[in-house]
């Protein structure tokens with residue numbers, strides 16, 4: 002799993018308690034493959050540097066690695082559940098961020114089919130909402146706050162079957178559905194731009210039963226402070242996809 006971060010705003014997302022989870026130990030591996038580095042910009046803000054990283058298993062531990070030529074702190078976990086917890090706590094919004102209607106932290110999660118994108122997005126989102134609920138209930142047990150994290154799958158931006166039918170070679174278009182040109186990246190870009198500008202947006206979902214998108218099926222509200230967008234080509238540098246990638250505050254890549 003590759004993880005990188007682009008800080009486009011001065012939003013404070015991280016709690017000081019996160020530090021102990023992230024810095025397990027520091028070492029200098031024998032090869033030019035080091036582990037996730039974390040930049041501490043203030044007491045409550047930690048950012049992963051924009052480094053290409055990967056997920057590796059060794060014994061009972063899971064390490065998130067990045068290829069660099071210098072010593073970098075090690076992020077190490079004993080299981081995938083702990084990896085999910087660490088990532089969730091790292092982008093968990095603070096109360097001040099959650100109360101600000103103008104803030105959004107948008108994560109782009111990319112990777113090939115079957116690489117675990119949907120599971121990662123779902124697990125991290127569930128944990129963020131659980132941690133946020135626990136935090137809110139500790140101050141007022143009678144109040145159940147709205148979710149602060151949501152997933153927007155790229156699947157909703159598939160071209161409709163009718164659009165594939167209208168192509169020069171409909172048979173090939175249907176056979177290769179899932180290729181970059183069978184999506185509508187311009188629609189996705191407009192959706193993300195609207196989210197940035199307005200703080201809320203309706204996004205399409207995808208109905209696998211009928212094989213077509215469902216318009217306006219996912220509502221990202223002002224209360225959603227963390228939005229994880231997951232899909233195959235979100236980090237591509239080709240055409241409109243490059244503009245889509247530039248929207249994200251943070252970029253994750255599954256192998």
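In the working numbering, the protein residues as written are 2 to 256.
Glycine included, each C-beta is placed from N, C-alpha and C at the ideal position.
None of the values given here were measured: they were computed from a predicted structure.
Could you check how far apart the C-beta atoms of residue i and residue j are, in whole angstroms? I think they sit under 8 Å.
{"i": "residue 225", "j": "residue 151", "result": "5 Å"}
{"i": "residue 168", "j": "residue 230", "result": "Contact flag wrong, Cβ pair sits at about 26 Å."}
{"i": "residue 109", "j": "residue 246", "result": "6 Å"}
{"i": "residue 196", "j": "residue 102", "result": "Wrong, their Cβ atoms sit about 13 Å apart, outside the cutoff."}
At which residues does the beta strand (DSSP E) containing residue i begin and terminate?
{"i": "residue 204", "result": "202 to 208"}
{"i": "residue 253", "result": "251 to 254"}
{"i": "residue 248", "result": "Element bounds for residue 248: not the beta strand (DSSP E) but the alpha helix (DSSP H), 241 to 248."}
{"i": "residue 111", "result": "106 to 111"}
{"i": "residue 158", "result": "No beta strand (DSSP E) contains residue 158, which DSSP labels as neither H nor E."}
{"i": "residue 238", "result": "That residue, residue 238, is in no beta strand (DSSP E); it is neither H nor E in DSSP."}
{"i": "residue 232", "result": "227 to 232"}
{"i": "residue 211", "result": "Neither: residue 211 is in no beta strand (DSSP E) and is coded neither H nor E."}
Look at the alpha carbon of residue i and the alpha carbon of residue j, and state the distance between them as a whole number of angstroms.
{"i": "residue 119", "j": "residue 194", "result": "23 Å"}
{"i": "residue 128", "j": "residue 86", "result": "7 Å"}
{"i": "residue 171", "j": "residue 163", "result": "9 Å"}
{"i": "residue 89", "j": "residue 211", "result": "33 Å"}
{"i": "residue 79", "j": "residue 93", "result": "21 Å"}
{"i": "residue 184", "j": "residue 215", "result": "14 Å"}
{"i": "residue 82", "j": "residue 125", "result": "9 Å"}
{"i": "residue 178", "j": "residue 208", "result": "14 Å"}
{"i": "residue 234", "j": "residue 242", "result": "7 Å"}
{"i": "residue 236", "j": "residue 192", "result": "16 Å"}
{"i": "residue 111", "j": "residue 227", "result": "16 Å"}
{"i": "residue 98", "j": "residue 175", "result": "44 Å"}
{"i": "residue 267", "j": "residue 115", "result": "Given that the chain is displayed from residue 2 to residue 256, the structure contains no residue 267 and the question cannot be resolved."}
{"i": "residue 148", "j": "residue 202", "result": "15 Å"}
{"i": "residue 62", "j": "residue 165", "result": "Bear in mind that the predicted position of residue 62 carries a pLDDT of just 46, short of 50, making it unreliable; the figure below should be weighed with that in mind. So the alpha carbons of these two residues sit roughly 45 Å apart."}
{"i": "residue 137", "j": "residue 131", "result": "10 Å"}
{"i": "residue 248", "j": "residue 173", "result": "31 Å"}
{"i": "residue 145", "j": "residue 190", "result": "33 Å"}
{"i": "residue 36", "j": "residue 251", "result": "Here residue 36 scores only 30 on pLDDT, less than 50, and its place in the model should not be relied on; the value that follows carries that caveat. Their Cα atoms are separated by approximately 17 Å."}
{"i": "residue 96", "j": "residue 206", "result": "30 Å"}
{"i": "residue 244", "j": "residue 232", "result": "15 Å"}
{"i": "residue 182", "j": "residue 153", "result": "20 Å"}
{"i": "residue 240", "j": "residue 217", "result": "25 Å"}
{"i": "residue 122", "j": "residue 200", "result": "20 Å"}
In the DSSP assignment, the alpha helix (DSSP H) including residue i goes from what residue to what residue?
{"i": "residue 174", "result": "171 to 176"}
{"i": "residue 89", "result": "81 to 91"}
{"i": "residue 149", "result": "Unbroken run through residue 149: none, as it is neither H nor E."}
{"i": "residue 166", "result": "162 to 166"}
{"i": "residue 186", "result": "186 to 199"}
{"i": "residue 99", "result": "96 to 99"}
Going by other Cβ atoms of all chains shown within 10 Å of its Cβ, with 16 needed for buried, is residue i buried or exposed?
{"i": "residue 157", "result": "buried"}
{"i": "residue 20", "result": "Low per-residue confidence applies at residue 20: pLDDT is 27, beneath 50, and the placement is therefore not dependable, though the value from the model is reported in the following sentence. Label assigned to residue 20: exposed."}
{"i": "residue 255", "result": "buried"}
{"i": "residue 187", "result": "exposed"}
{"i": "residue 238", "result": "exposed"}
{"i": "residue 12", "result": "Confidence in residue 12 is poor, its pLDDT being 34 and thus under 50, which makes the residue's placement unreliable; the coordinate value appears in the next sentence. Looking at its Cβ environment, which holds 16 or more other Cβ atoms inside 10 Å, residue 12 is buried."}
{"i": "residue 180", "result": "exposed"}
{"i": "residue 105", "result": "buried"}
Item to check | Entirely enclosed alpha helix (DSSP H) segments - the stretch 110 to 139, minimum 4 residues | outcome: List check, alpha helix (DSSP H) in window: nothing returned.
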